[in-house]
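Heads up, the sequence shown is in this note's numbering, so the first residue is 1 and it goes up one at a time.
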Amino acid sequence: MTDCYVTIIGGGVIGTAVAYELSQVIDNDTICLLERNRNFPGENQTARNSGVIHAGIYYDKLHSPLKAHLCVEGNRLLYQFCRDHNIPSNQTGKLVVATSAKEDEFLDYLLSRSQENGVPNVKKISGGQAGELEPNVKAYSALWVPTSGIVEPTSVIRKLRNLADLGEYFLLGTEVVDIIPQDEEFVVKASTIGTGNYEFSTKYVINAAGLHSDEIARMVNPGFPFEIFPVRGEFAKFYQSGGHLKVSRNVYPAPTFYRKPDGSDHLTVGVHLTPSFSAGLQGDFAQDKGLFQLGREITVGPLNRKKGDEVGKDDFGSDLAPPSGFLEKIKQYFPKIALDDLQLHQTGIQAVLANSKDFHIAPDEIHPNMINLVGICSPGLTSSLAIAKMVKDFLE
Ligand SMILES: Cc1cc2nc3c(=O)[nH]c(=O)nc-3n(C[C@H](O)[C@H](O)[C@H](O)COP(=O)(O)OP(=O)(O)OC[C@H]3O[C@@H](n4cnc5c(N)ncnc54)[C@H](O)[C@@H]3O)c2cc1C
């Protein structure tokens with residue numbers, strides 16, 4: 001008899017979404033979740049991202065089939081979840097802006113990818129039409145992506161945690177330090193702040209440990225082949241102090257591509273503008289006909305730093321790019337902004353896979369009662385509820 005039927009490692013949006021999904025089909029007192037942060041939601045990818053609900057236009061089905069599918073499915077599920085539970089979200093739509101004929105070609109490429117992925121109602125529009133939607137944006141042409149939007153991520157995981165209702169089995173300040181596979185179960189060794197070390201047995205392990213999920217996977221199977229490299233995204237912000245800085249939708253530059261030797265495309269989404277919700281309304285958001293009101297703050301980012309630039313898994317703050325770095329990236333398509341308008345905002349670190357372009361979501365090859373969720377970088381927030389359903393299907 002095991003101590004705990006299902007053990008989830010990690011209390012970010014993926015771990016809490018899995019806890020919620022499983023609590024719909026098995027007794028919630030057979031599930032435990034271990035999160036090493038003392039506070040919830042604490043420091044993790046979920047609390048430090050752009051809050052964009054992606055539509056699914058960027059991912060190619062050949063090299064990123066899970067991202068291509070789960071983003072579109074997760075987009076639909078996340079809006080529905082936000083509507084059902086009164087969570088701050090707004091389907092703002094998004095403009096992907098080309099500033100030249102060369103960039104316009106990238107939009108055609110993205111348009112065909114959107115169609116392959118089944119993203120609804122994406123269309124190419126002229127610079128003039130883009131200007132009607134966003135008067136302060138300078139565009140040669142644009143893609144209009146109506147299913148993109150924004151969400152307040154910490155409200156999502158608070159709600160997921162409440163609905164999963166694991167009570168004392170949602171253990172904060174608890175780090176998994178080792179996992180020993182045995183014949184029919186696993187022995188999990190953990191350390192809780194203030195309590196010390198202990199161990200317990202479990203039938204299933206769900207590895208949702210974000211930046212550390214590759215290390216957790218190797219505790220069970222030292223030959224686990226994927227490795228995470230941390231990519232730090234830095235953000236700036238500005239306030240809409242006057243009509244010339246007004247932005248009402250997600251605004252992205254045309255992505256840049258290059259083709260890698262394996263035939264896959266390396267694509268950079270680029271430094272974008274993202275509206276936020278009204279400040280100071282945490283927990284009591286203003287709502288107007290199902291759409292939460294937008295605030296004055298616009299975030300700008302991410303500017304990405306990689307391991308090669310010596311950014312570790314916990315390095316949120318060293319050697320940050322100055323506001324001029326952000327201005328450089330956005331002035332082409334948002335020309336009325338000045339350096340003085342920008343100030344540094346926050347950073348977040350993504351769990352990107354070094355040797356794959358996709359999420360890795362699969363049972364371990366040697367111990368299939370462990371489900372690994374590794375490399376859940378963007379669009380992981382958007383995909384979270386669809387990922388949780390996939391985990392439930394594995395267990396079923
Ligand atoms: C800068 C940035 C921008 C992004 N923008 C977007 C966006 O706009 N839209 C979108 O869809 N996605 C976006 N993402 C991606 C999204 O945030 C992530 O995919 C998602 O939050 C991943 O959730 P997670 O639960 O897997 O990981 P995390 O949120 O990182 O949670 C993992 C948890 O595991 C815990 N943990 C680790 N090791 C252990 C251990 N040994 N024992 C116990 N607990 C442990 C950690 O403390 C952490 O809380 C962005 C990410 C970043 C960083």
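Backbone N, C-alpha and C fix where the C-beta goes; we use that ideal spot for every residue, glycine too.
* Chain-order list of residues whose beta-carbon lies under 6 Å from that of P88 (same chain, five-residue window excluded) -> For the purposes of this step, residue 88 is taken as residue 88 along the sequence shown, with counting starting at 1. E152, S155, F277, F285 and F292.
* **beta-carbon A208 near ligand 1 non-hydrogen atom, thresh 7 Å** => Position 208 of the sequence shown, counted from the start, is the residue given in the question as residue 208. Taking non-hydrogen atoms of ligand 1 into account, the C-beta of A208 is found less than 7 Å away from one of them.
* Asked: Run through DSSP, which three-state label would A209 get?
  -> Here residue 209 refers to the residue found at position 209 when the sequence shown is read from its first residue. If DSSP states are grouped into helix, strand and coil, A209 belongs with coil.
* To do: Can you say whether N372 is buried or exposed, counting buried as having 16 or more other CB atoms within 10 angstroms of its CB?
  => One-based indexing of the sequence shown puts residue 372 at position 372. So N372 counts as buried.
* **Close-in-space but distant-in-sequence residues of the same chain around T299 (CB under 7 Å, 5 per side omitted)** => Within the sequence shown, residue 299 is the residue found at index 299, counting from 1. Closer than 7 Å at the Cβ level, and outside the excluded window around T299, lie S50, F235, K237, T274, S276 and H345.
* **8 Å CB neighbourhood of E21 in its chain, flanking five on each side removed** => Stepping through the sequence shown from its first residue, residue 21 is reached at position 21. Same-chain partners within the cutoff: L385, A388, K389, V391 and K392.
* **Cβ separation of I157 and V13, assumed to be a contact under 8 Å, to the nearest whole Å** => Indexing the sequence shown from 1 puts residue 157 at position 157. Indexing the sequence shown from 1 puts residue 13 at position 13. So it is a contact: roughly 5 Å between Cβ atoms.
* Spatial neighbours of E184 within its chain, please: CB distance less than 8 Å, with the 5 preceding and 5 following residues excluded, ordered by chain position. => Against the sequence shown, residue 184 aligns to sequence position 184. The residues are K203.
* **Cβ neighbour criterion (16 or more within 10 Å) applied to A142** => On the sequence shown, position 142 is the one that residue 142 refers to. By the neighbour-count rule (16 or more Cβ atoms within 10 Å), A142 is buried.
* Asked: If you count every other CB in all the chains shown that lies within 10 Å of the CB of D397, and 16 or more means buried, which is it?
  -> With the chain covering only 1 through 396, there is no way to say anything about residue 397.
* Asked: Does the beta-carbon of R38 have 16 or more other beta-carbons within 10 angstroms, so that it is buried, or is it exposed?
  -> Here residue 38 refers to the residue found at position 38 of the sequence shown. Exposed.
* Asked: For G74, does the three-state DSSP call read helix, strand or coil?
  -> For the purposes of this step, residue 74 is taken as the residue at position 74 of the sequence shown. Here G74 sits in helix by DSSP.
* **Paired residues, beta bridge with L353 - DSSP** => By one-based count along the sequence shown, residue 353 stands at place 353. The partner list for L353 (beta bridge, DSSP) reads I228.
* Asked: T99 to Q332, Cα distance in whole Å?
  -> Indexing the sequence shown from 1 puts residue 99 at position 99. Indexing the sequence shown from 1 puts residue 332 at position 332. Cα to Cα, the separation comes out at about 7 Å.
* C-alpha distance - T16 paired with K159, whole-angstrom precision -> By one-based count along the sequence shown, residue 16 stands at place 16. By one-based count along the sequence shown, residue 159 stands at place 159. Taking the straight line from one Cα to the other gives about 9 Å.
* Going straight from the alpha carbon of K307 to that of S318, what length do you get? -> Translated into positions along the sequence shown, residue 307 becomes position 307. Translated into positions along the sequence shown, residue 318 becomes position 318. Because the pLDDT at K307 is just 49, under 50, the model does not fix this residue reliably, and the value given afterwards should be weighed accordingly. One C-alpha to the other measures close to 13 Å.
* Backbone secondary structure at K289 - three-state DSSP -> Walking along the sequence shown from the start, residue 289 turns up at place 289. Here K289 scores only 48 on pLDDT, less than 50, and its place in the model should not be relied on; the value that follows carries that caveat. Looking at K289 - three-state DSSP - the assignment turns out to be coil, as it is neither helix nor strand.
* Decide if N136 is buried, meaning its Cβ has at least 16 other Cβ atoms within 10 Å, or exposed. => Within the sequence shown, the letter at position 136 stands for residue 136. Classification of N136: buried, given that the 10 Å Cβ count is 16 or more.
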